[in-house]
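Peer 1: The structure is given below, and queries will be raised subsequently.
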Amino acid sequence: MPASHVPDTSRGKQPDRGGPPARSRALALAILVLALAGAGLAAELTLLHGRAHAGGASSFCAISERVNCDKVALSAWSSLLGVPLAAWGLLAYLVVAALALSALRRPRGDSGWPAGLLFAASAFMAAGAVFLAAISELVIGSLCIVCAGSWLVSFALAGCSFALARRAGGPAAALRADVATLRARPLASATAALALLAASGGLLARYAGPPPAPAGAPAAAPAASLGPPGSIVLYEYSDYECPFCARSHEANKPILASRPDVKVVRRHFPLDDTCNPKLTRPFHVGACDLARAAICAEAQGRFEQMDDALFRNQAEKAPVRELARRIGLDLPRFDACLSSPGTEKRLADDIESAIQAGVRGTPSYVYGGKVYPGDLATLLGAKPAAASGG
660 MPASHVPDTS RGKQPDRGGP PARSRALALA ILVLALAGAG LAAELTLLHG RAHAGGASSF
720 CAISERVNCD KVALSAWSSL LGVPLAAWGL LAYLVVAALA LSALRRPRGD SGWPAGLLFA
780 ASAFMAAGAV FLAAISELVI GSLCIVCAGS WLVSFALAGC SFALARRAGG PAAALRADVA
840 TLRARPLASA TAALALLAAS GGLLARYAGP PPAPAGAPAA APAASLGPPG SIVLYEYSDY
900 ECPFCARSHE ANKPILASRP DVKVVRRHFP LDDTCNPKLT RPFHVGACDL ARAAICAEAQ
960 GRFEQMDDAL FRNQAEKAPV RELARRIGLD LPRFDACLSS PGTEKRLADD IESAIQAGVR
1020 GTPSYVYGGK VYPGDLATLL GAKPAAASGG
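The sequence shown begins at 660 in the working numbering and counts up one residue at a time.
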């Protein structure tokens, strides 16, 4: 009886010459791509954080009060140990990318490496994303769309890493195997740990040192400032819901104290569509009411106190009547003033003067017929020809 014939199915197949199986390799490659995308988003967020804290123009994602990257960047939740969370995120994404590269280059004997470490890192990042999303919604009240993009990347990383860990015997088993691998290679493990510590130390040295001294006014005043005290009159357009304005307000105090020749006249330019005709959609909701409160405090000779209280109230969000009570205003008179035609006219006049001057954002200063957006120190430090407005 002839022997049964077993077909040769190996014909045309390439032999396995080492490296991870195709499915695991695809997952590792996906993790690498996601980690690099996350690193790009984190780098952009780090730059955005720096620009927000330096003041100046709003970012591209400061779309409304509800969707506002600048507001998120200026919150107390945007930093850890003095370092922007985005910078820590950038470091984490680069670590994950390095692990993914290691997975792609691993030899046959390490078929599961480093699936456990990848899952542990990405699971931690995904948990952090959930926490930050909750803080953004429940505490800050604004969404950063670039942050949201990084959260989605973290969730995708966690999913791919979980799938990779399952192929290595499950997350727990994979992590135990990776730890054993690290222990078996003390020199390589120590080198990687030192590199991570050095990177962390670099971030702390870059961001967590003592803050720079406030940029004071230059010793020499611009040519147009020569004359008696108060000879330079700047018109400042501000908004009590603008985080840059709040920072500028505090930064301006020592500058103005050192420049008795400069007088700043405050005018209101709330970026709120309920009173500002230049706005076609909600942005700084409630800013018009805050401007009215400042006008009414000024009517009782307490503008500076209300001015400080309103800017500091950006986080607390106390009612304006409570602020009026705290600074000792006559409350019945204050209430009547808020809805008076005179208050409405004063606010409308301020807004119209801003529009006529060409003011487009806050804070902005008008001097010599020119608009200077940004901070007062930059304006006072300008060359005489630039500051004089011609």
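Every residue gets a Cβ at the ideal spot worked out from N, C-alpha and C, and that includes glycine.
Could you check the C-alpha separation between residue 942 and residue 1033 for me, to the nearest Å?
Peer 2: Taking the straight line joining both Cα atoms gives about 19 Å.
Peer 1: Cβ atoms of residue 792 and residue 772: under 8 Å apart, would you say?
Peer 2: In this structure, residue 792 does not lie closer than 8 Å to residue 772 by Cβ.
Peer 1: Quick one: grab the DSSP three-state call for residue 724.
Peer 2: Here residue 724 sits in coil by DSSP.
Peer 1: In the structure shown, what three-state DSSP assignment does residue 899 receive?
Peer 2: Residue 899 falls in the coil class under three-state DSSP.
Peer 1: Scan the segment 883–969 and note each continuous alpha helix (DSSP H) run of 4 residues or more that stays entirely inside, going in chain order.
Peer 2: List check, alpha helix (DSSP H) in window: 902–916, 946–958.
Peer 1: Measuring straight from C-alpha to C-alpha, what distance separates residue 1025 and residue 711?
Peer 2: Taking the straight line from one Cα to the other gives about 22 Å.
Peer 1: According to the neighbour-count rule (16 or more other Cβ atoms, all chains shown, within 10 Å of its Cβ), is residue 998 buried or exposed?
Peer 2: So residue 998 ends up on the exposed side.
Peer 1: Name the DSSP beta bridge partners of residue 1029, please?
Peer 2: According to DSSP, which records beta bridges pairwise, residue 1029 is partnered with 1026.
Peer 1: So, is residue 1028 buried or exposed, given that buried needs 16 or more other C-beta atoms within 10 angstroms?
Peer 2: The residue in question, residue 1028, is exposed, as its Cβ has fewer than 16 Cβ neighbours within 10 Å.
Peer 1: Taking the alpha-carbon positions, what's the residue 1008 to residue 1021 distance?
Peer 2: Approximately 17 Å between the Cα atoms of the pair.
Peer 1: Mapping the DSSP letters down to three states, classify residue 988 as helix, strand or coil.
Peer 2: Note: residue 988 maps to coil in three-state DSSP.
Peer 1: Just the Cα atoms here: how many angstroms apart are residue 960 and residue 990?
Peer 2: Each residue's alpha carbon lies about 14 Å from the other.
Peer 1: Could you name the residues of the same chain whose beta carbon sits closer than 6 Å to that of residue 975, not counting the 5 residues immediately before and after it, in chain order?
Peer 2: The answer is none, since no qualifying residue turns up.
Peer 1: Using DSSP with H/G/I as helix, E/B as strand and the rest coil, what is residue 688?
Peer 2: Helix.
Peer 1: For residue 1011 and residue 952, what's the separation of their Cα atoms in angstroms?
Peer 2: Their Cα atoms are separated by approximately 19 Å.
Peer 1: Any idea which residues DSSP pairs residue 742 with across the strands?
Peer 2: Per DSSP, 739.
Peer 1: So residue 830 is in the alpha helix (DSSP H); what residue range does that whole segment cover?
Peer 2: Residues 830–843.
Peer 1: Let's see if you can read the secondary structure: which residues bound the alpha helix (DSSP H) around residue 1009?
Peer 2: Here the alpha helix (DSSP H) through residue 1009 covers 1000–1016.
Peer 1: Find the nearest neighbour of residue 694 within the set 1014, 758, 916, judged by alpha-carbon distance.
Peer 2: When each option's Cα is compared against that of residue 694, the closest is 758.
Peer 1: Nearest-angstrom Cα distance between residue 640 and residue 1040?
Peer 2: Since the first residue shown for the chain is 660 and the last is 1049, residue 640 is missing from the structure and cannot be characterised.
Peer 1: Counting along the chain, where does the alpha helix (DSSP H) carrying residue 814 start and finish?
Peer 2: Element bounds for residue 814: 804–826.
Peer 1: Specify, as a first and last residue, the run of the alpha helix (DSSP H) that residue 774 falls within.
Peer 2: Where residue 774 is concerned, the enclosing alpha helix (DSSP H) stretches over 774–794.
Peer 1: Grouping DSSP H, G and I as helix and E and B as strand, with all else coil, what is residue 705?
Peer 2: Correct three-state label for residue 705: helix.
Peer 1: Would you report the Cα separation of residue 645 and residue 1038, rounded to the nearest angstrom?
Peer 2: Because the chain spans 660 through 1049 in this model, residue 645 falls outside it and cannot be assessed.
Peer 1: Would you mind giving the Cβ-Cβ distance between residue 761 and residue 816, rounded to the nearest angstrom? I have them listed as a contact below 8 Å.
Peer 2: Rounded, the Cβ-Cβ distance is 15 Å, inconsistent with contact.
Peer 1: Between which two residues does the alpha helix (DSSP H) harbouring residue 1035 extend?
Peer 2: Residue 1035 -> alpha helix (DSSP H) spans 1035–1039.
Peer 1: Mapping the DSSP letters down to three states, classify residue 718 as helix, strand or coil.
Peer 2: Coil at residue 718, not helix or strand.
Peer 1: Alpha carbons only, please: which of 919, 966, 1002, 763 is nearest the one belonging to residue 906?
Peer 2: Among 919, 966, 1002, 763, the Cα nearest to that of residue 906 is on 966.
Peer 1: For residue 775, count neighbouring C-beta atoms within 10 Å of its own C-beta (all shown protein chains included) and say buried if the count is 16 or more, exposed if not.
Peer 2: The residue is buried, with at least 16 neighbouring Cβ atoms inside 10 Å.
Peer 1: Closest to residue 993 by C-alpha separation, out of 971, 949, 1019, would be which residue?
Peer 2: Ranking 971, 949, 1019 by Cα distance to residue 993 puts 949 first.
Peer 1: Could you tell me which of 744, 778, 730 sits nearest to residue 973, measuring between CA atoms?
Peer 2: Closest option to residue 973, Cα to Cα, is 730.
Peer 1: Candidates 987, 988, 947: which alpha carbon is nearest residue 1004's?
Peer 2: Out of 987, 988, 947, 947 has the C-alpha closest to the C-alpha of residue 1004.
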